[in-house]
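> With the numbering used here as the guide, the letters of the sequence shown map in order to residues 2 to 491. Positions of the beta carbon are idealized from the N, C-alpha and C atoms, including for glycine. A quick note: this is a predicted structure, and the numbers were derived from the prediction, not measured.
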Amino acid sequence: MAEAKRTIVELKGVTKSFGAVRALAGIDLTVAAGESLGLVGHNGAGKSTLMNVLAGTLAPDGGHIVIAGAEQAAYAVTVAQKLGIRCVFQELSLCLNLTVAENARVIHPHIRGLGWRRRAGALIKAKLDEIFPGHGIAPDDIVGDLSLGRRQMVEVARAFTVTDDPLKLVILDEPTSSLDPNTSRQLVAFVRRFVDGGGATILISHLLGEILESSDRIVVMRDGRVVASDTAGAFDRAKLIATMGGAARGAAEAEARAARARRADAPLRVHARPAGNRRGIELKAHEGEIIGLAGLAGHGQTDLLVSVFEGYGRRIAGVDVTAPVAFVAGDRQSDGIFPLWSIGRNITVRSMRALRRGLLIAPEREDALAEEWRERIGIRTPDVGNNILSLSGGNQQKALFARALGSAARIILMDDPMRGVDIGTKLDVYRLIRAEADAGRTFLWYTTEMEELEHCDHVYVFRNGAIVADLGRDELTEEKIIQSSFQEVA
2 MAEAKRTIVE LKGVTKSFGA VRALAGIDLT VAAGESLGLV GHNGAGKSTL
52 MNVLAGTLAP DGGHIVIAGA EQAAYAVTVA QKLGIRCVFQ ELSLCLNLTV
102 AENARVIHPH IRGLGWRRRA GALIKAKLDE IFPGHGIAPD DIVGDLSLGR
152 RQMVEVARAF TVTDDPLKLV ILDEPTSSLD PNTSRQLVAF VRRFVDGGGA
202 TILISHLLGE ILESSDRIVV MRDGRVVASD TAGAFDRAKL IATMGGAARG
252 AAEAEARAAR ARRADAPLRV HARPAGNRRG IELKAHEGEI IGLAGLAGHG
302 QTDLLVSVFE GYGRRIAGVD VTAPVAFVAG DRQSDGIFPL WSIGRNITVR
352 SMRALRRGLL IAPEREDALA EEWRERIGIR TPDVGNNILS LSGGNQQKAL
402 FARALGSAAR IILMDDPMRG VDIGTKLDVY RLIRAEADAG RTFLWYTTEM
452 EELEHCDHVY VFRNGAIVAD LGRDELTEEK IIQSSFQEVA
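(1) What did DSSP end up calling K481 once you bin it into helix, strand or coil?
(2) Any chance the segment 132-142 sits against the segment 187-199, with 3 or more Cβ pairs inside 8 Å?
(3) Return the residue from the list D237, T50, I482, D417 that minimises the CA-CA distance to W446.
(4) Any idea what DSSP makes of S37, helix, strand or coil?
(5) Decide if L149 is buried, meaning its Cβ has at least 16 other Cβ atoms within 10 Å, or exposed.
(6) Where does F310 fall in DSSP's three states?
(7) Less than 7 Å separating the Cβ of L390 from some heavy atom of the ligand GTP?
(8) Verify whether the separation of the beta carbon atoms of L1 and F463 is less than 8 Å.
(9) Using a Cβ-Cβ distance under 8 Å, would A56 count as near chain C?
(10) Given that a residue counts as buried once 16 or more other Cβ atoms are within 10 Å of its Cβ, and exposed if not, what is H300?
(11) On the DSSP bridge assignment, give the partners of I292 in chain order.
(12) Less than 8 Å between the CB atoms is what I'm expecting for V271 and V322, so what's the real figure, rounded?
(13) With DSSP run on the structure shown, which of helix, strand or coil describes N388?
(14) Looking only at its own chain, which residues have a Cβ that is under 7 Å from the Cβ of D165, when we skip the five neighbours before and after it?
(15) Need the endpoints of the alpha helix (DSSP H) that D429 sits in, please.
(16) Tell me which same chain residues have a C-beta within less than 6 Å of the C-beta of R274, skipping the five on either side of it?
(17) Go ahead and label G289 buried or exposed: buried means 16 or more other beta carbons lie within 10 angstroms of its beta carbon, across all protein chains shown.
(18) Using 8 Å as the threshold, is the segment 60-77 in touch with the segment 16-30, meaning 3 or more CB pairs across them?
(19) Can you list, in chain order, the stretches of the beta strand (DSSP E) that have 3 or more residues and sit fully within the segment 50-127?
(20) When you compare the CB positions of R87 and V171, do they come within less than 8 Å of one another, or not?
(21) Taking D174 as part of the beta strand (DSSP E), name the residues at either end of that continuous run.
(22) Taking the C-alpha atoms as reference points, what is the distance between F195 and L472?
(23) For T177 and S185, I'd like the C-alpha separation in whole angstroms.
(24) Can you grab the Cα-Cα spacing for the pair R113 / L180, in whole Å?
(25) Let me confirm a value: D429 is counted as buried when at least 16 other C-beta atoms fall within 10 Å, else exposed. Which label applies?
(26) Is the distance from the Cβ of A400 to the Cβ of I389 below 8 Å?
(27) For my contact list, T424 and T382 are in at a C-beta cut-off of 8 Å; report their separation, rounded to the angstrom.
(28) Taking the beta strand (DSSP E) that F19 falls in, what are its first and last residues?
(29) Straight-line CA distance for S486 to L297?
(30) Would you tell me roughly how many angstroms separate the C-alpha atoms of I66 and T202, rounded to the nearest one?
(31) Could you check the C-alpha separation between Y431 and L97 for me, to the nearest Å?
(32) Would you decide whether G122 is buried or exposed? Buried here means 16 or more other CB atoms lie within 10 Å of its CB.
(33) With DSSP as the reference, label T202 as helix, strand or coil.
(34) On a Cα-Cα basis, can you pick out the residue from T426, L433, A105, F90 that is closest to T1?
(35) Which same chain residues, not among the five before or five after K126, have their C-beta less than 6 Å away from its C-beta?
(36) Take I380 as the anchor and find which of A369, N396, R366 has the nearest alpha-carbon.
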């Protein structure tokens, strides 16, 4: 019991500003050994900034950092590592051009000499086997060749590997955002074992059910401050949302939205046969429908979206698309944002033809479109002329939604786009998607979150590149999704 109560980290009055923006306004936070701490708050609340301070990747403007009872005067990443503090970042920190083993070596400089690749590979493979049985990742795989979900598995496993330095606390910033339900459960179970063994974790997640189930204590942040801290049992979903500054809005309204009938008599917008289908179920999406794509990650959902995206105006076998298409990427860093551009230009790039005056882009039209969608979707920035990287991850994702919805596209493809987006923003986007569908837009929505599938008119479940089930809302349950995900393809 003494070990479980030993304080690992104590932050006192930590402050951080970025220009005129006050990201942290005097944060006090403690984490003890044997504790899983859940950290929640809307995008821009300061969660990731605080964790970057604790991980040593960001220097605070003021306050005190105390680790295992000793105040740290010159705190940095190398110091944090030696003191046993690691971080799994929301925006993955792996080197894409290196192998899995070489990425493990990056944080373990003690692995050196002849045979270091073999030893680093054995280290990371053993941890992957422990956390994610059946992961299918080899130590000599190039990280850039892996799917986003498998990259996240490598990032997580690497954080829990141990050589000479101890491991006391692991910060998990949206660790399941790219994982399917099965691998998410594997990770949650491992984290519980790690904590029960005397380790500590800080879990940041916008999946409130995950926070409530996995945490011993929950801290709520709002506008750079801690506004609540209590045992997990003192919260439920509604209380968490209210404490974050949102409202438990419209449960009845959401239920009514989910109960709308499929528009079977509307024009067919997408007709597609996934590559793995030899016979059986084909995807059909009508005007005004919201179609969910489910199943274990990497089983053909993203491939289908890409083929639909490429299918408008082109002849692609098995794909018929009858209206312009826009794509909302889930991996915003690799496939979404233009990092050297402004927020406004990232929003308007899909609409350049509509913004022309003669042969040139009209700047006032471009500014007006960006400002309209900044307000409509609630992007938190004082100026859309700022660089896109000035935004939090969730607000960057909002900019991608604004790009697609602000365009003339009638079909919107969404590749698990809500990773790193807070619950308040999600509710706003859900309402916006439904309103746009009511106005005639069609949505194909791949998601790994069961709650999001409930907003769809019906759901296609994928396995091994084929559709194995088409579930209407009246038969949509997590059990059926899971059962279908492991069903053999006919």
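Once the coordinates are examined:
(1) Mapped onto the sequence shown, residue 481 falls at position 480. Helix.
(2) yes
(3) Residue 446 sits at position 445 when you count from the first residue of the sequence shown. In terms of CA proximity to W446, D417 leads the group D237, T50, I482, D417.
(4) Looking up residue 37 in the sequence shown gives position 36. Note: S37 maps to strand in three-state DSSP.
(5) To locate residue 149, count along the sequence shown from 1; it is residue 148. Buried, by the Cβ-count rule.
(6) As a first step, residue 310 must be located in the sequence shown, where it is residue number 309. DSSP places F310 in helix when its eight states are reduced to three.
(7) This structure simply doesn't include the ligand GTP, nor any ligand for that matter.
(8) Absent from the structure is residue 1, since the part of the chain shown begins at 2 and ends at 491.
(9) Included in the structure is just one protein chain, with no chain C present.
(10) Taking the first residue of the sequence shown as position 1, residue 300 is located at position 299. With 16 or more other Cβ atoms within 10 Å, it is buried.
(11) Walking along the sequence shown from the start, residue 292 turns up at place 291. For I292, which the question treats as bridged, DSSP gives the partners L445, H459.
(12) By one-based count along the sequence shown, residue 271 stands at place 270. By one-based count along the sequence shown, residue 322 stands at place 321. That belief holds up - the Cβ atoms of V271 and V322 are roughly 6 Å apart, short of 8 Å.
(13) For the purposes of this step, residue 388 is taken as the residue at position 387 of the sequence shown. Strand.
(14) Locating residue 165 in the sequence shown gives position 164, where the first residue counts as 1. The answer, listed in chain order, is H111.
(15) Here the question's residue 429 lines up with position 428 in the sequence shown. Its alpha helix (DSSP H) spans residues 424-439.
(16) Here residue 274 corresponds to residue number 273 of the sequence shown, with the count starting at 1. Cβ neighbours of R274 beyond the five flanking positions: E283, G319.
(17) As a first step, residue 289 is located in the sequence shown; it is residue number 288 there, counting from the start. That one is buried.
(18) yes
(19) 63-68, 86-89
(20) Taking the first residue of the sequence shown as position 1, residue 87 is located at position 86. Taking the first residue of the sequence shown as position 1, residue 171 is located at position 170. For R87 and V171, yes; Cβs fall inside 8 Å.
(21) Here residue 174 is taken as the residue at index 173 of the sequence shown, counted from 1. From DSSP, the beta strand (DSSP E) with D174 extends over 170-174.
(22) Here residue 195 is taken as the residue at index 194 of the sequence shown, counted from 1. Here residue 472 is taken as the residue at index 471 of the sequence shown, counted from 1. For F195 and L472, the distance between alpha carbons rounds to 37 Å.
(23) The residue given as residue 177 occupies position 176 in the sequence shown. The residue given as residue 185 occupies position 184 in the sequence shown. Near 6 Å, if we compare the C-alpha coordinates of S185 and T177.
(24) As a working note, residue 113 is residue 112 in the sequence shown. As a working note, residue 180 is residue 179 in the sequence shown. Answer to the nearest angstrom: the Cα atoms are 32 Å apart.
(25) Counted from its first residue, the sequence shown places residue 429 at position 428. Buried, since its Cβ has 16 or more Cβ neighbours within 10 Å.
(26) Along the sequence shown, read from residue 1 onward, the residue named residue 400 stands at position 399. Along the sequence shown, read from residue 1 onward, the residue named residue 389 stands at position 388. Pairing A400 with I389 gives a Cβ-Cβ distance under 8 Å.
(27) Translated into the one-based positions of the sequence shown, residue 424 becomes position 423. Translated into the one-based positions of the sequence shown, residue 382 becomes position 381. In the sequence on display, residue 424 carries Ile and not Thr. Actually they are not in contact, since the Cβ atoms of I424 and T382 sit about 20 Å apart, beyond 8 Å.
(28) Along the sequence shown, read from residue 1 onward, the residue named residue 19 stands at position 18. From DSSP, the beta strand (DSSP E) with F19 extends over 8-19.
(29) Your numbering for residue 486 matches position 485 in the sequence shown. Your numbering for residue 297 matches position 296 in the sequence shown. Approximately 6 Å, taken between the alpha carbons.
(30) As a working mapping, residue 66 is identified with position 65 in the sequence shown. As a working mapping, residue 202 is identified with position 201 in the sequence shown. Going from the Cα of I66 to the Cα of T202 covers about 17 Å.
(31) Locating residue 431 in the sequence shown gives position 430, counting from the first residue. Locating residue 97 in the sequence shown gives position 96, counting from the first residue. Each residue's Cα considered, the two are about 33 Å apart.
(32) Stepping through the sequence shown from its first residue, residue 122 is reached at position 121. Looking at its Cβ environment, which holds 16 or more other Cβ atoms inside 10 Å, G122 is buried.
(33) Locating residue 202 in the sequence shown gives position 201, where the first residue counts as 1. If DSSP states are grouped into helix, strand and coil, T202 belongs with the strands.
(34) No answer is possible for residue 1: it lies beyond the span of the chain, which begins at 2 and ends at 491.
(35) If you number the sequence shown from 1, residue 126 lands on position 125. P140, listed in sequence order.
(36) For the purposes of this step, residue 380 is taken as the residue at position 379 of the sequence shown. Scanning A369, N396, R366 for the CA closest to the CA of I380 turns up N396.
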